[in-house]
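Participant:
Numbering (the numbering used here), first residue to last: 1 to 176.
1) Please list, in chain order, all residues of the same chain as residue 3 whose beta carbon is under 8 Å from its beta carbon, the five residues on each side excluded.
2) So residue 45 is in the alpha helix (DSSP H); what residue range does that whole segment cover?
3) Can you tell me whether residue 232 is buried or exposed? The criterion is at least 16 other CB atoms within 10 Å of its CB, across all chains shown.
4) For residue 65 and residue 47, which I take to be in contact (beta-carbon distance under 8 Å), what is that distance rounded to the nearest angstrom?
5) To the nearest angstrom, how far is the alpha carbon of residue 102 from that of residue 109?
6) Are the Cβ atoms of residue 133 and residue 141 separated by less than 9 Å?
7) Check whether the stretch 16 to 36 touches the stretch 104 to 118, taking contact to mean three or more Cβ pairs, one atom from each stretch, closer than 8 Å.
8) Taking the alpha helix (DSSP H) that residue 128 falls in, what are its first and last residues?
9) For the candidate residues 23, 159, 40 and 161, whose alpha-carbon lies nearest to that of residue 57?
10) From 60, 117 and 44, pick the residue whose C-alpha is nearest to that of residue 7; which is it?
11) Between 1, 13 and 165, which lies nearest to residue 86 when the distance is taken from Cα to Cα?
12) Using DSSP with H/G/I as helix, E/B as strand and the rest coil, what is residue 166?
13) Does the distance from the CB of residue 62 to the CB of residue 25 come in under 9 Å?
14) Thinking C-alpha only, which one of 171, 11 and 95 is nearest residue 80?
15) Going along the chain, which residues of its own chain have a beta-carbon closer than 7 Å to the beta-carbon of residue 5, five neighbours each way excluded?
16) Could you give the DSSP three-state label for residue 38: helix, strand or coil?
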């Protein structure tokens with residue numbers, strides 16, 4: 001029964017909390033303080049302060065903490081799942097609709113217009129990364145990391161995650 005209550009306590013704010021995590025904070029507070037009585041107002045405010053101090057989405061941090069407090073690790077899992085479930089369900093439904101109409105001329109036109117926009121946004125982001133690394137690290141460091149990364153990924157087929165970790169390690173040791 002506790003798992004169902006944890007699920008409801010975070011699923012309902014996820015559905016009606018339009019605007020993301022910060023918009024759902026009062027809804028979560030209503031569920032966990034007023035409805036289920038798991039925390040006092042003071043306890044909720046302390047938990048909220050702790051959740052704000054940590055990186056990441058506020059709603060999932062609150063759900064994980066409260067779920068863990070009420071039912072251990074399974075409770076934390078249920079709370080986090082309930083928080084992301086509304087978005088997950090909506091995404092699955094929308095992708096189902098998109099797949100059903102993927103051969104429609106309107107959908108094809110829409111996706112053909114989105115691709116160049118995404119390419120431009122990625123190009124702008126890559127240019128910003130290039131400019132920032134040039135300014136912060138210097139031209140030789142930037143070229144060296146780019147060449148080594150290219151060789152590792154394209155020639156030696158090293159997974160990009162390992163290249164990123166290696167570049168972060170290099171930056172921490174030599175550039176930090």
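Yeah, the Cβ is synthetic: ideal placement off N, Cα and C, and Gly gets one too.
Facilitator: Straight from the coordinates:
1) The residue given as residue 3 occupies position 3 in the chain shown. Taken in chain order, the residues that qualify are 71, 74, 75 and 78.
2) Your numbering for residue 45 matches position 45 in the chain shown. Where residue 45 is concerned, the enclosing alpha helix (DSSP H) stretches over 41 to 53.
3) Examination of residue 232 is not possible in this model, given that the chain is present from 1 through 176 alone.
4) As a first step, residue 65 must be located in the chain shown, where it is residue number 65. As a first step, residue 47 must be located in the chain shown, where it is residue number 47. About 6 Å separates the two Cβ atoms, so the contact holds.
5) The residue labelled residue 102 in the question sits at position 102 within the chain shown. The residue labelled residue 109 in the question sits at position 109 within the chain shown. Looking at the two C-alpha atoms, the distance is approximately 10 Å.
6) To locate residue 133, count along the chain shown from 1; it is residue 133. To locate residue 141, count along the chain shown from 1; it is residue 141. With contacts defined as CB atoms closer than 9 Å, residue 133 and residue 141 qualify as a contacting pair.
7) No, the stretch 16 to 36 is not in contact with the stretch 104 to 118.
8) Taking the chain shown and counting its residues from 1, one reaches residue 128 at position 128. Membership of residue 128 in the alpha helix (DSSP H) is indicated by the continuous run 105 to 137.
9) Residue 57 sits at position 57 when you count from the first residue of the chain shown. Across the set 23, 159, 40 and 161, the C-alpha of 23 shows the shortest separation from the C-alpha of residue 57.
10) Counting from 1 along the chain shown, the entry for residue 7 is found at position 7. Of the listed residues, the one whose Cα sits closest to residue 7 is 60.
11) Counting from 1 along the chain shown, the entry for residue 86 is found at position 86. If we check each option's Cα against that of residue 86, 13 comes out closest.
12) For the purposes of this step, residue 166 is identified with residue 166 of the chain shown, where counting begins at 1. In this structure, residue 166 counts as helix in the three-state DSSP scheme.
13) For the purposes of this step, residue 62 is identified with residue 62 of the chain shown, where counting begins at 1. For the purposes of this step, residue 25 is identified with residue 25 of the chain shown, where counting begins at 1. In contact: residue 62 and residue 25 (Cβ atoms closer than 9 Å).
14) One-based indexing of the chain shown puts residue 80 at position 80. Taking only the C-alpha atoms, the option nearest residue 80 is 11.
15) By 1-based counting over the chain shown, the position of residue 5 is 5. Excluding residues within five positions, the ones whose Cβ falls inside 7 Å are 36.
16) Taking the chain shown and counting its residues from 1, one reaches residue 38 at position 38. Residue 38: coil per DSSP, three-state reduction.
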